[in-house]
Amino acid sequence: MLVGSLSPTADWNLLNDKFYCKQEVYSMTWRGVDLSKLTVVVAPFGGPIAAIRDDRKIMALRGQTTQPDLRIYTSAGNLITQLQWDKGRIIGLGWTNTEHLLCVLEGGLVRVYDIHGEFIQFSLGEDAKEHGVVECRLWDTGLVALTGDFKFVAITNLDEPRPQYLADPGITQAPYSWTVLSPQQTLSRHLEVFLAVNATVIVLDSATVQDQSLTQGPFLRMSVSPNGKFLALYTSEGKLWVVSTDFQKNLAEFSTNSANPPTQMTWCGTDSVVLHWPGTVLMVGPFGDWIKYTYDGVVHLVTEIDGLRIISNDKCEFLQRVPSATESIFKIGSTAPGAILFDAYEHFEKKSPRADENIRNIKFELAEAVDTCVEAAGHELNAPRQRALLKAASFGKCFLDSYNANHFLAMCKSIRVLNAVRNFEIGIPLTFVQYERITPSVLVDRLVMRHHHLLAFRICDYLTLSHDRVLIHWACTKIKVSVDDEDTLCRLIVEKLGGRESGISYTEVAKVAYDSGQRKLATKLLDYEPQAANQVPLLMGMEEDEVALIKAIESGDTDLVYLVMLHMKRKLSPAEFFRIIGDKPLACNLLELYCKQQDPQLLRDFYYQEDRRVDSANAAISEGYQTQDMLERVNKFKIAQKLYSVEKERAFEAKTTEDEVKLLLLQDSLQRDLGQEIVGLSVVETIAKLLELGEANKAAKVKSDFKVSDKRYV
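FYI, the numbering for the sequence shown is 2 to 715, going by the numbering used here.
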């Protein structure tokens, strides 16, 4: 097979029956960085690098400040953020799955930084504060800390950080080494901690402590594989031992013949264990085979799900097992369909007749060969080989009568996206396997967090993803850094976000503007918010109560109107409250409905404030009928009668109310004299009741007082 200069096999190394390759991804752009003097943590999935001076090592400051700098770089060595660190000694550093940096301090505080240096913090509890934190292990969604009294405290959910104490292991000194198996990796879905104590390993969780009764220890290094199934142990005798995490299977043993333990031990995917001593990186396979790489000084190893990133002072490299598709095409002497198709394409480029012969040889396996070339192109980090493999696949498709090209097109899109983010200015060296695991949506979020808004927007357009969150984050960032006046900034943001017609929510942007002290800008931006339910709460928080009420009324949502009015009622004086709602009919009507059921006094105050005498009288009548106390009812009716009498057109109501008061007083007197229920009856019913009781004189008096006609009386 002729593969010419495109063959990658020169960089391949054989480990048992599997090939591994190490490729340079970036030449680091940082200058003067010496990893041997730094504490370094690197986020997986092509994530950023955090570095701070290692305070355990003595070094000359050379005129520098005694306060170290915490720096965050891209994988290409481009500086993202630099913070002067004066918050105390850092015991643990690590990255979350959202690329936030966890800093665990000696005093038990935990700070969670975003990639630009903004942070929140929480505590690991009183025990950690009192005894201090000695060591810490972190994973992408939590952490475990070893306190000074040799207890373990865990945070398993960083969104709701609640310290949880694990079972007491009963130790009086720090273990030789220890590591964690995150809840996502265990069958029980509970956190497990592995401790190397004496010659054995103790496994503890929140409730139990289990001694595995091993005798091969003490174990000076431990490392769990990315899938959580295997545990690598390094003994004091210089032996590497790999077992299953349930300790039921002994998978491999290897003697390194080293008197000193490695400075770092980690995994290359789930296939092999990699150990690092200054100047040497040793990869050990499952059958005891090994590959040795030589470096100048110290490097840092970063486990990925499909390989290993190696960060040195001057370069970033990626070590991985050669993907099966790539191996089947480029392996020397390969006769796989993909290899023959690629060979045919090369002959076609040279205008050689052997191209047709090769295509005929794989006529019945041509679809498989095309798929293999497409898959191999996805796994490639080398752009010329990507193009060659895709051209070979496209060449093979021409000879197929029916071929579903969706996979081919999707891979082309993925490769284009990956090449864009791998650019050294962006510095995210994702592989295709990693890209599929985190999904394009998460990749866009990470670009946005790094303020690569234009690239994120173009990727969303290219992959037909919603770019609303990209535009919103851009607008929020623009508000924080812009020096333009508020009117100019508002026009710029609205133009980019598309106004009301775009359907994009402006609430988050307006909140950032308000928090940044740009109140006028926040109010203007909220005018473009399409959802009143989002507008109103923020306006209330901004103390724009009247604007919030207007927006709620315009929405037609009565619940929203009630929300604003009740907020204003609690906050404002009655006079101010009534002034605001007085010229808003819907608000007034809703207030009346509410007060009639819940707050009669407020209703009276409202009518009085608005000088609505008739409504006040009607309310007094209603309240009078609702009370059972005679004196109170009479007083309510007298108030109503007085209010009616002020209005000339309400003379009838005034006279009727006056008669009702007169009747009530008479009925109350009769009821006390006769001991019968009379209050509440009408005039005619009162007369009839008196006649039934034989009180004809009193009945006649009622007839006379209320001018009942003879016809009705008879």
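Don't be surprised by glycine CBs; every beta carbon is placed ideally from N, CA and C.
Of the listed residues the options, nearest to residue i (C-alpha basis)
i	options	result
I92	A146, M569, K130, H408	A146
T465	V482, V510, A411	A411
K23	L94, E161, V323	V323
E127	T142, G108, Q536, R72	G108
A523	D558, D486, H117	D486
Q186	Y74, G218, T216, N228	N228
L401	L205, E369, L80, T432	E369
L371	L382, N383, F396, R386	Inspection of the sequence shows that residue 371 is occupied by Val rather than by Leu. Nearest of L382, N383, F396, R386 to V371, Cα basis: F396.
T1	L682, H348, T216, T440	Because residue 1 is not part of the residues shown, which for the chain are 2 to 715, the question remains open.
I73	K58, R57, I53	I53
T508	P531, D488, G499	P531
A326	E318, T336, C317, F319	T336
D315	S37, T10, H452	S37
Y177	P170, A200, T142, L320	A200
D560	V34, L587, E350, D35	L587
G270	S226, S256, A697	S226
G171	F153, P164, L159	F153
I203	W278, P219, L564	P219
Opposing strand residues paired with residue i [DSSP bridges]
i	result
D70	Q85
A212	For the record, residue 212 in the displayed sequence is Asp; it is not Ala. According to DSSP, which records beta bridges pairwise, D212 is partnered with I203.
T319	For the sequence presented, residue 319 should be read as Phe rather than Thr. Looking at the DSSP assignment, F319 forms a beta bridge with Q24, R310.
H301	I312
A51	V42, I73
G500	None; G500 has no bridge partner.
E193	L182
M266	L276
I554	DSSP output for I554 lists no bridge partner at all.
Y529	In DSSP, Y529 forms no bridge with anything.
V198	T201
L80	Y74
Q717	Since the first and last residues shown for the chain are 2 and 715, residue 717 lies out of range.
Element boundaries [alpha helix (DSSP H), containing residue i]
i	result
I416	407–423
W475	469–482
Y114	Premise fails: Y114 lies in the beta strand (DSSP E), 110–114, not in any alpha helix (DSSP H).
M566	559–572
M541	533–542
G339	338–350
K392	384–398
M29	Taken as a continuous stretch (DSSP letters only), M29 belongs to no alpha helix (DSSP H), as it is neither H nor E.
Y463	454–463
T295	Here T295 belongs to no alpha helix (DSSP H); instead the beta strand (DSSP E) covers 291–295.
L682	Per DSSP, L682 belongs to no alpha helix (DSSP H) and is neither H nor E.
K585	Counting along the chain, K585 falls outside any alpha helix (DSSP H), and DSSP gives it neither H nor E.
E358	355–362
A168	First-last for A168: undefined, no H or E at that position.
L448	433–450
G505	At residue 505 the sequence reads Ile, which differs from the Gly that was named. Neither: I505 is in no alpha helix (DSSP H) and is coded neither H nor E.
E328	325–331
Spatial neighbours of residue i in its chain, beta-carbon cut-off 8 Å, leaving aside the 5 residues before and after
i	result
R438	F46, I306
I480	L490, I494, V510, V513, A514, S517, Q519, L522
L39	A52, I53, R54, D55
Residue i - containing beta strand (DSSP E), residue span
i	result
S273	273–278
V371	Run containing V371: none in the beta strand (DSSP E); it sits in the alpha helix (DSSP H), 367–380.
L283	281–285
N14	13–16
L36	Note, L36: premise wrong, no beta strand (DSSP E); not H, not E.
L94	91–96
Contacting residues, own chain, Cβ-Cβ under 7 Å from residue i (five flanking each side not counted)
i	result
V471	V445, V449, H454, A457, F458, C461
V42	A51, L94, G95, W96
L3	Caution is warranted here: a pLDDT of 35 is assigned to L3, below 50, making its placement in the model unreliable, and no coordinate value can be reported.
S483	L490
G118	T82, L84
K414	Y463, L464
Same chain, Cβ closer than 6 Å to residue i, neighbours up to 5 away in sequence not counted
i	result
F330	Looking at the sequence itself, residue 330 is Ile, so the reference to Phe does not match. G339, A340, F343, A377.
F288	N17
Q122	L110, R112
F425	Y27, A77
L382	Q24
Test: residue i CB closer than 8 Å to a CB of chain E
i	result
L448	The structure shown contains no chain E; it is built from a single protein chain.
The ligand FMN heavy atom lying under 7 Å from the CB of residue i
i	result
K525	No copy of the ligand FMN appears in this structure; indeed no ligand is present at all.
- beta strand (DSSP E) runs contained entirely in the region 212–263, provided each spans 3 or more residues: 220–225, 231–236, 240–245, 251–256
- Item | Within the region 107–155, ranges of the alpha helix (DSSP H) (whole runs, at least 4 residues) | 127–132
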